[in-house]
Structures are given as structure tokens and as C-alpha cells.
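In the numbering used here, the protein residues as written are 8 to 205.
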């Protein structure tokens, strides 16, 4: 389900990073090495973006992705174990997306109340195809256990081992989540109340 519009989030690497690569790049990024930060972004931005997509729209997901890496850079020295980098980034992404959605909700309240400031950007949002919106809406309605693995697979096109490394799960758990999640997603999309007609 690739985007029709240009992406600023990189495609996932073919192989998951090793813990030692992440640990080395995390230490180097904490010391101010921009290339190390770029490598971390290249490896982990697709996973962060997918998590953000579960909670905010596509344009906001890219903003959240960039915010996550800025937040991570500020506190990367607190990270003791390079192997825990991906799950740590995933948690920052969850929190940042929730915060962003709450903030967006407040702006929408102002807009409905007539107190909307003129500076709220409305025309700058990328347009998604209705099919992609329907699928994302259906994924968001699934149990939380399946959402992240499905978005990482279907939207970010990550492999099972990449998803396992990114989320700190076993490959078997990822396979089970993908299988069960796809069954639920198919049923959700086939339902006349929630599918393409929603």
C-alpha cells in the first residue's frame, strides 16, 4: 500500500541492524556525529512512522517521526543498551503520536468553536486515496496487539525479521500477529459498516 505522494521517511533497510551497530551509532549520535544520527534515522524512521500512522494522519505522522528523533537525540545518553534502541524509539513514537493527536484535537475544538486562528495550516495536507484511508481506519479499529505489526508490514513494507527487531518481539510472535491481524483486517474491510463504504 505505498503512498502516491513523495515520502520523506526512508524505506526500511533490507536487513535489521545489529545491536552493536545501534549501540555504536547511538553513542556517536550522542557525541554529535550527524552521520550516526542519519544512519539511526534511516534504520528506524519507517518503524516510527508506522507507529505514528496508527494515531495521526499521514502528514502529521511525518511531523511526529521527525519530532521523535529530535526527542531521542536529546535523551539518547540515557539509553544504556543499544539493543533496546528500537523498542525505546517505539515507545517515544507512541507517546509523541498520542501527544500530537491530543494537541490536534484541541485545535479542532478551537476551529469548531469559531476561535480558529488564521495560522492553522489546512491546505498543506497530503491527500490519501480513499482506499488507503479505509485500510488505515480499519487497522486503527483492530485490537492494539495487531496494529503496529500490520502497519509496519503493509504500509512500511518491513519484513518479519525487521518488525521483530523494531518492536523487540520474537519472529514467531510477529508471524502470529500478522496472520491474526490480517484475518481481522479482511473481515473488517468486508463488513458493510466499516469497509470501503465507510
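Heads up, the beta-carbon is just placed ideally off N, CA and C, and yes, glycines get one too. A quick note: this is a predicted structure, and the numbers were derived from the prediction, not measured.
Asked	Found
Range covered by the alpha helix (DSSP H) that runs through residue 58	41-60
Residue 148 vs residue 195 beta-carbon contact at 8 Å	yes
Residue 195 - containing alpha helix (DSSP H), residue span	178-197
DSSP three-state assignment for residue 27, whether helix, strand or coil	helix
Same chain, Cβ closer than 7 Å to residue 75, neighbours up to 5 away in sequence not counted	55, 96, 99, 100, 103
Inter-residue Cα distance where the pair is residue 185 and residue 87	31 Å
7 Å Cβ shell around residue 62 - same chain, five flanking residues per side excluded	104, 105, 108
Reference residue 83, options 40, 71, 110, 33, closest by Cα	33
Neighbourhood of residue 187 by C-beta, 7 Å cutoff - its chain only, sequence neighbours within 5 removed	153
Alpha helix (DSSP H) segment containing residue 151, residue limits	151-161
Alpha-carbon spacing of residue 49 relative to residue 182, whole angstroms	24 Å
C-alpha distance - residue 110 paired with residue 29, whole-angstrom precision	32 Å
DSSP-derived helix/strand/coil call for residue 175	coil
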